[in-house]
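One line per chain: the protein sequences are A and B, in this order.
Those letters in the first sequence? Residues 1 to 114, by the numbering used here.
Those letters in the second sequence? Residues 1 to 117, by the numbering used here.
A quick write-up on the structure given underneath.
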Amino acid sequence: AQSVTQLDSQVPVFEEAPVELRCNYSSSVSVYLFWYVQYPNQGLQLLLKYLSGSTLVKGINGFEAEFNKSQTSFHLRKPSVHISDTAEYFCAVTLSGNTGKLIFGQGTTLQVKP
Amino acid sequence: KAGVTQTPRYLIKTRGQQVTLSCSPISGHRSVSWYQQTPGQGLQFLFEYFSETQRNKGNFPGRFSGRQFSNSRSEMNVSTLELGDSALYLCASSLGLAGVIRQETQYFGPGTRLLVL
């Protein structure tokens with residue numbers, strides 16, 4: 001069975017500092033990988049996705065992630081965070097060919113401090 | 001294009017009642033998936049509908065059911081509500097064309113927050 005582990009439940013960081021949110025997955029078959037962000041009282045917004053091709057994926061709001069197949073990781077990074085990046089971030093996987101079902105990690109709360 | 005819309009946004013029910021939530025997907029999207037979000041269990045997949053047929057199902061009891069109409073709008077129903085059903089219910093839509101990689105992203109609505117008393 002597929003699973004997703006987000007290694008940090010909370011990540012505090014100062015404004016303009018870099019940040020990395022970690023995500024590991026387990027699957028014996030090919031997967032597609034996603035990062036979503038959820039602001040308070042809102043739904044999920046797609047930040048970026050890895051389907052195939054280049055392992056470095058760039059997303060919205062200056063975020064990027066790198067797919068590492070050997071380490072089964074898909075860590076999210078941003079070189080300089082803003083207060084407005086404070087939100088909950090979810091890593092998710094879906095099986096290639098079975099894209100209607102996303103399996104989510106438990107989420108990481110990013111707290112950006114002034 | 002308008003995004004995914006969900007109605008109602010907030011709902012309060014009592015134990016034992018039933019509830020129906022509605023989701024209108026993005027125009028042209030044929031796949032609708034439902035998720036339950038709770039602080040304890042996180043985001044869990046409920047089911048997916050495509051062309052009025054349930055294509056995937058998560059590990060939820062039979063009290064949770066859904067359907068999809070010919071215009072791709074979907075409803076989910078929870079019967080005999082329990083306190084533990086209190087959650088944010090999220091709907092997501094996608095084009096649903098398996099094998100077409102660029103179209104497999106799911107777009108989420110704002111959710112319906114259900115409180116069971």
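We treat Cβ as the ideally placed atom computed from N, Cα and C, and that holds for glycine.
Helix, strand or coil at residue i according to DSSP, with G and I counted as helix
| i | result |
| --- | --- |
| residue 84 of chain B | helix |
| residue 100 of chain A | strand |
| residue 71 of chain A | coil |
| residue 72 of chain B | coil |
| residue 22 of chain A | coil |
| residue 84 of chain A | helix |
| residue 43 of chain A | coil |
| residue 62 of chain A | helix |
| residue 44 of chain B | strand |
| residue 33 of chain B | strand |
| residue 108 of chain B | strand |
| residue 79 of chain A | coil |
| residue 14 of chain B | coil |
| residue 67 of chain B | strand |
| residue 2 of chain B | coil |
| residue 17 of chain A | coil |
| residue 60 of chain B | coil |
| residue 48 of chain A | strand |
| residue 95 of chain B | coil |
Where the beta strand (DSSP E) containing residue i begins and where it ends
| i | result |
| --- | --- |
| residue 89 of chain A | 87 to 95 |
| residue 55 of chain B | 53 to 57 |
| residue 5 of chain A | 3 to 6 |
| residue 36 of chain A | 31 to 38 |
| residue 19 of chain B | 19 to 24 |
| residue 116 of chain B | 112 to 116 |
| residue 55 of chain A | Unbroken run through residue 55 of chain A: none, as it is neither H nor E. |
| residue 14 of chain A | 10 to 14 |
| residue 110 of chain A | 108 to 113 |
Within chain B, partners of residue i - CB distance below 9 Å
| i | result |
| --- | --- |
| residue 46 of chain A | 105, 106, 107 and 108 |
| residue 90 of chain A | 42 and 43 |
Residue of the options minimising C-alpha distance to residue i
| i | options | result |
| --- | --- | --- |
| residue 60 of chain B | B/53, B/52, B/51 and B/76 | B/76 |
| residue 89 of chain A | A/9, A/3, A/1 and A/82 | A/9 |
| residue 42 of chain B | A/47, A/80, A/79 and A/92 | A/92 |
| residue 116 of chain A | A/81, A/67 and A/87 | Absent from the structure is residue 116 of chain A, since the part of chain A shown begins at 1 and ends at 114. |
| residue 69 of chain B | B/84, B/83, B/78 and B/53 | B/53 |
| residue 119 of chain B | B/4, B/26, B/117 and B/81 | Given a span of 1 to 117 for chain B in the structure shown, any question on residue 119 of chain B remains unanswerable. |
| residue 18 of chain A | A/46, A/64 and A/70 | A/64 |
| residue 84 of chain B | B/16, B/93 and B/73 | B/16 |
| residue 18 of chain B | B/108, B/95, B/106 and B/86 | B/86 |
| residue 51 of chain B | B/58, B/38, B/12 and B/66 | B/66 |
| residue 81 of chain A | A/112, A/103, A/102 and A/3 | A/112 |
| residue 110 of chain A | A/84, A/103 and A/94 | A/84 |
| residue 72 of chain A | A/33, A/54 and A/53 | A/33 |
Cross-chain neighbours of residue i in chain A, by beta carbon under 7 Å
| i | result |
| --- | --- |
| residue 111 of chain B | 43 |
| residue 48 of chain B | 100 and 101 |
Residues that residue i contacts on chain B, provided the C-beta gap is smaller than 7 Å
| i | result |
| --- | --- |
| residue 107 of chain A | 42 |
| residue 49 of chain A | 105 |
| residue 104 of chain A | 42 and 43 |
Contact test: residue i Cβ vs the ligand ADP heavy atom, cutoff 7 Å
| i | result |
| --- | --- |
| residue 51 of chain A | This structure does not include the ligand ADP; it has no bound ligands of any sort. |
Chain-ordered neighbours of residue i on chain A, where CB pairs are closer than 8 Å
| i | result |
| --- | --- |
| residue 90 of chain B | 43 and 44 |
| message | For the segment 27 to 42 of chain B, list every residue whose C-beta sits within 8 Å of some C-beta in chain C, in sequence order. | response | In the structure shown, chain C does not exist; the protein chains are A and B.
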